[in-house]
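Colleague: Residues 1 to 406 in the UniProt record's numbering are what the sequence shown lists, from first letter to last. Idealized CB from N, CA, C, for every residue including glycine. Keep in mind it's a predicted model, so treat the numbers as computed, not measured.
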Amino acid sequence: MFEGKIIKFYRVKLKLTQEQLGRDICSITHISKIECNRTTCNNEIISLLSERLGINMEDEINKLINIKNRLSQWHEAIIMQLQNEIEQINLELECDELIKISDYIHLYELLRIRYLLIHKHTREAEKIIKKIQKIENELSDYESNLLKHVLGIYYLSKQNHNKAIQTLKQIQIEDYHNPEYYYHLAIAYHTIHSPVLAYYYAEKSHKFFKDINNYLRVIDAEMIMIIQVTEDCNHEEIINRFKNLIKSCELCNAPDRKSKVLHNLAYEYYRRKNYVLAIGYYRESMALKNQESATYLLSFESYIRCAFDGNLIPTDVLIKLAEEGLVIAIRLNELLFIHLFRLTLYLLKSKIKEYHQYLEKKALPMYVKYGYSFLIQRSEKELFNYYSKMNLPEKALEMAKLLITK
Numbered sequence: 001m002f003e004g005k006i007i008k009f010y011r012v013k014l015k016l017t018q019e020q021l022g023r024d025i026c027s028i029t030h031i032s033k034i035e036c037n038r039t040t041c042n043n044e045i046i047s048l049l050s051e052r053l054g055i056n057m058e059d060e061i062n063k064l065i066n067i068k069n070r071l072s073q074w075h076e077a078i079i080m081q082l083q084n085e086i087e088q089i090n091l092e093l094e095c096d097e098l099i100k101i102s103d104y105i106h107l108y109e110l111l112r113i114r115y116l117l118i119h120k121h122t123r124e125a126e127k128i129i130k131k132i133q134k135i136e137n138e139l140s141d142y143e144s145n146l147l148k149h150v151l152g153i154y155y156l157s158k159q160n161h162n163k164a165i166q167t168l169k170q171i172q173i174e175d176y177h178n179p180e181y182y183y184h185l186a187i188a189y190h191t192i193h194s195p196v197l198a199y200y201y202a203e204k205s206h207k208f209f210k211d212i213n214n215y216l217r218v219i220d221a222e223m224i225m226i227i228q229v230t231e232d233c234n235h236e237e238i239i240n241r242f243k244n245l246i247k248s249c250e251l252c253n254a255p256d257r258k259s260k261v262l263h264n265l266a267y268e269y270y271r272r273k274n275y276v277l278a279i280g281y282y283r284e285s286m287a288l289k290n291q292e293s294a295t296y297l298l299s300f301e302s303y304i305r306c307a308f309d310g311n312l313i314p315t316d317v318l319i320k321l322a323e324e325g326l327v328i329a330i331r332l333n334e335l336l337f338i339h340l341f342r343l344t345l346y347l348l349k350s351k352i353k354e355y356h357q358y359l360e361k362k363a364l365p366m367y368v369k370y371g372y373s374f375l376i377q378r379s380e381k382e383l384f385n386y387y388s389k390m391n392l393p394e395k396a397l398e399m400a401k402l403l404i405t406k
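(1) Closer than 7 Å by C-beta to L139: which residues in its own chain qualify, once you throw out the five before and the five after it? Chain order, please.
(2) Less than 7 Å between C-beta atoms, sequence neighbours within five positions excluded: which residues of the same chain meet that for I171?
(3) If I measure Cβ to Cβ from residue 481 and keep anything under 7 Å in the same chain, skipping five residues before and after, which residues do I get?
(4) With respect to the alpha helix (DSSP H) encompassing Q228, which residues constitute its N-terminal and C-terminal limits?
(5) Grouping DSSP H, G and I as helix and E and B as strand, with all else coil, what is M366?
(6) Looking at I101 and K5, is the spacing between their C-beta atoms short of 8 Å?
(7) Which residue wins for smallest C-alpha separation from N66, given the options L98, R38, L53, I319?
(8) Would you identify the three-state DSSP class for L168, choosing helix, strand or coil?
(9) Let me know if G54 comes out buried or exposed under the rule of 16 or more other beta-carbons within 10 Å of its beta-carbon.
(10) Excluding the 5 residues flanking Q81 on each side, which residues of the same chain have their C-beta closer than 8 Å to its C-beta?
(11) With 16 other CB atoms within 10 Å as the buried threshold, where does Q18 fall?
(12) For V261, is the classification buried or exposed, using 16 other Cβ atoms within 10 angstroms of its Cβ as the cut-off for buried?
(13) Is it true that the CB of A329 sits closer than 8 Å to the CB of S302?
(14) Using 7 Å as the cut-off, classify the Cβ of L82 as near or not near the heavy atoms of the ligand SAH, replying yes or no.
(15) Taking the alpha helix (DSSP H) that R305 falls in, what are its first and last residues?
(16) Could you confirm whether any beta carbon from chain C is found closer than 8 Å to the beta carbon of L312?
(17) Exposed or buried, T40, counting other C-beta atoms within 10 Å across all chains shown (16 or more means buried)?
(18) Pull up the distance between the alpha-carbon of F242 and that of Y367, whole angstroms please.
(19) Quick one: Cα of K158 to Cα of T167, how far?
(20) Taking 7 Å as the limit between beta carbons, can you name the residues of its chain near K142, skipping five residues before and five after?
(21) So A294 and L332 are supposed to be a Cβ contact under 8 Å. How far apart are they, rounded?
(22) What's the call for R52, buried or exposed, on a 16-neighbour Cβ count within 10 Å?
(23) Could you give the DSSP three-state label for Q291: helix, strand or coil?
(24) What are the boundary residues of the alpha helix (DSSP H) that includes residue 475?
(25) Among residues of its own chain, excluding the 5 on either side of R123, which ones have a beta-carbon nearer than 8 Å to its beta-carbon?
(26) With DSSP run on the structure shown, which of helix, strand or coil describes Y355?
(27) Using a Cβ-Cβ cutoff of less than 6 Å, which residues in the same chain neighbour Y270 once the five nearest sequence positions on both sides are dropped?
(28) How would you label A50, buried or exposed, when you count the other beta carbons within 10 angstroms and need 16 or more for buried?
(29) By the 10 Å Cβ neighbour count, where 16 or more other Cβ atoms means buried, how is L91 classified, buried or exposed?
(30) Here's a check: name, in chain order, each residue in its chain whose Cβ is nearer than 7 Å to the Cβ of E58, leaving out the five neighbours to either side.
(31) Determine the contact status of A202 and I165, defining contact as a CB-CB distance below 8 Å.
(32) Do C249 and I212 come within 8 Å of each other at the CB atom, strictly closer than that value?
(33) Excluding sequence positions up to five away, which residues of its chain have a Cβ less than 8 Å from the Cβ of K63?
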């Protein structure tokens with residue numbers, strides 16, 4: 001079953017013709033039949049051919065059979081976010097040439113996309129996605145659903161949250177058996193400011209992560225759930241839930257997750273106008289993050305806004321900080337934060353007209369394109385108030401209609 005594939009693979013690799021491989025062993029026709037699995041393999045001939053190719057056939061067959069097991073282990077490690085195991089298996093699979101002739105080459109390429117997206121190698125992931133999409137009809141039901149999952153994650157990485165939802169919702173769980181994708185749906189719904197659905201899918205992912213004893217992912221799902229109910233629950237209860245999550249992060253030695261919880265705790269204080277506590281938690285969150293990252297920029301921009309609204313730091317200092325943030329955003333090509341820091345600079349420099357022009361012409365269209373519901377609603381309210389104040393009734397009415405519709 002496997003012998004013919006293996007013989008052909010190594011013959012081609014060694015640039016041997018069928019005649020050269022079979023010389024003094026068997027005919028070209030017999031080699032062709034062996035490679036195409038159209039004849040029963042004679043053990044003696046297989047041994048002679050393997051010797052000429054410099055391989056141990058039994059070892060090669062075991063390697064080919066083991067590929068499926070290693071791919072399953074790799075997928076599980078990705079779901080569990082076991083970084084050391086993810087890297088170890090990736091290295092093994094990269095060195096395993098037999099993947100090219102295995103029945104699981106498509107599964108490998110799909111998991112390779114997930115691996116690349118973990119490391120933010122979006123362009124490399126895009127190349128494999130385009131390749132897989134061309135032969136989508138050849139995928140098994142499981143692989144077809146895995147493709148939808150990795151596409152959903154890809155769209156999230158590209159900040160196209162509506163497209164992510166559209167794609168993830170097509171997954172058939174009875175064929176896929178990986179409820180992890182509920183978490184990615186929750187993230188997408190949270191980003192477009194749809195709290196009921198975000199909570200619903202976060203809760204489903206929370207149950208899955210708990211069932212597989214993955215407490216780091218439980219923290220992720222729990223945080224999404226808490227964020228959705230901040231408007232409805234008692235303030236002290238919300239604060240306690242955030243602080244309990246922080247303790248869980250410390251127990252699990254998860255500083256990256258702790259930084260996210262600290263950011264959301266800061267925002268909870270910020271929206272209640274407790275700027276002193278908010279700025280402190282934003283500062284703690286930033287201290288745990290890589291400054292060359294979008295997550296750092298998120299806390300950095302919020303820190304500046306909080307300091308400005310609370311009149312906690314001199315404006316000239318905040319302007320310098322915002323300029324630093326803009327430089328980082330441009331360097332990382334993070335369009336969202338480029339817009340946010342430019343708007344912040346207009347605000348800090350009291351350039352109110354320029355602020356609202358930029359908001360209308362540049363920032364808001366981008367928010368709409370990628371489905372940033374919170375920023376869309378905030379921007380529309382700001383523009384409505386500005387147009388009303390500037391006695392621009394037609395523009396104010398346009399914004400009012402959008403707000404009323406929502």
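Modeller: To lay it out plainly:
(1) Stepping through the sequence shown from its first residue, residue 139 is reached at position 139. Around L139: H106, L147.
(2) The count along the sequence shown starts at 1 and reaches residue 171 at position 171. So the qualifying residues of the chain are N145, K148, H149, Y181.
(3) Given a span of 1 to 406 for the chain in the structure shown, any question on residue 481 remains unanswerable.
(4) Residue 228 sits at position 228 when you count from the first residue of the sequence shown. From DSSP, the alpha helix (DSSP H) with Q228 extends over 215 to 228.
(5) Within the sequence shown, numbered from 1, the residue matching residue 366 stands at position 366. Three-state DSSP puts M366 in a helix.
(6) Position 5 of the sequence shown, counted from the first residue, corresponds to residue 5. Position 101 of the sequence shown, counted from the first residue, corresponds to residue 101. For K5 and I101, yes; Cβs fall inside 8 Å.
(7) Taking the first residue of the sequence shown as position 1, residue 66 is located at position 66. Answer by Cα proximity: L98.
(8) On the sequence shown, residue 168 is found 168 positions in, with the first residue counted as 1. Three-state DSSP puts L168 in a helix.
(9) As a first step, residue 54 must be located in the sequence shown, where it is residue number 54. Exposed: under 16 other Cβ atoms inside 10 Å.
(10) For the purposes of this step, residue 81 is taken as the residue at position 81 of the sequence shown. The answer, listed in chain order, is N214, L216, R217.
(11) On the sequence shown, position 18 is the one that residue 18 refers to. With 16 or more Cβ atoms within 10 Å of its Cβ, Q18 is classed as buried.
(12) Taking the first residue of the sequence shown as 1, we reach residue 261 at position 261. By the 10 Å Cβ count, V261 comes out buried.
(13) Counting from 1 along the sequence shown, the entry for residue 302 is found at position 302. Counting from 1 along the sequence shown, the entry for residue 329 is found at position 329. No, Cβ-Cβ distance for S302 and A329 is not below 8 Å.
(14) By its list of ligands, the structure shown contains no ligand whatsoever, and the ligand SAH lies outside what it can speak to.
(15) As a first step, residue 305 is located in the sequence shown; it is residue number 305 there, counting from the start. Residues 294 to 309.
(16) No chain C is part of this structure, which consists of one protein chain only.
(17) Residue mapping note: residue 40 aligns to position 40 of the sequence shown, counting from 1. Exposed, since its Cβ has fewer than 16 Cβ neighbours within 10 Å.
(18) The sequence position of residue 242 within the sequence shown is 242, counting from 1. The sequence position of residue 367 within the sequence shown is 367, counting from 1. Distance between the alpha carbons of F242 and Y367 is about 28 Å.
(19) Counting from 1 along the sequence shown, the entry for residue 158 is found at position 158. Counting from 1 along the sequence shown, the entry for residue 167 is found at position 167. Looking at the two C-alpha atoms, the distance is approximately 14 Å.
(20) Within the sequence shown, numbered from 1, the residue matching residue 142 stands at position 142. One point to set straight first is that residue 142 is Tyr, not Lys, in the sequence displayed. Non-local beta-carbon contacts of Y142 in its own chain, meaning distances under 7 Å to residues more than five positions away in sequence, involve D175, Y176 in chain order.
(21) On the sequence shown, residue 294 is found 294 positions in, with the first residue counted as 1. On the sequence shown, residue 332 is found 332 positions in, with the first residue counted as 1. Their Cβ separation, rounded to whole angstroms, is 7 Å, which keeps A294 and L332 in contact under 8 Å.
(22) Residue 52 sits at position 52 when you count from the first residue of the sequence shown. Looking at its Cβ environment, which holds 16 or more other Cβ atoms inside 10 Å, R52 is buried.
(23) Mapped onto the sequence shown, residue 291 falls at position 291. Coil.
(24) Nothing can be reported for residue 475: it is not among the residues displayed for the chain, which extend from 1 to 406.
(25) Numbered from its first residue, the sequence shown carries residue 123 at position 123. Shown here for R123: not one same chain residue has a beta carbon closer than 8 Å to its own, the five before and five after excluded.
(26) Working through the sequence shown from its first residue, we reach residue 355 at position 355. In the displayed model, Y355 falls within a helix according to three-state DSSP.
(27) Translated into positions along the sequence shown, residue 270 becomes position 270. So the qualifying residues of the chain are A278, C306.
(28) For the purposes of this step, residue 50 is taken as residue 50 along the sequence shown, with counting starting at 1. Going by the sequence as given, residue 50 is Ser instead of Ala. Its Cβ being crowded by 16 or more others within 10 Å, S50 is buried.
(29) As a position in the sequence shown, residue 91 is number 91, starting the count at 1. The residue is exposed, with fewer than 16 neighbouring Cβ atoms inside 10 Å.
(30) Position 58 of the sequence shown, counting from 1, holds the residue named residue 58. Result list for E58: empty, nothing under 7 Å.
(31) In the sequence shown, counting from the first residue as 1, residue 202 sits at position 202. In the sequence shown, counting from the first residue as 1, residue 165 sits at position 165. No; because the gap between Cβ atoms is not below 8 Å, this pair is not in contact.
(32) Indexing the sequence shown from 1 puts residue 212 at position 212. Indexing the sequence shown from 1 puts residue 249 at position 249. Going by C-beta atoms, I212 is not nearer than 8 Å to C249.
(33) As a position in the sequence shown, residue 63 is number 63, starting the count at 1. Excluding positions up to five away in sequence, the list reads D96, L98.
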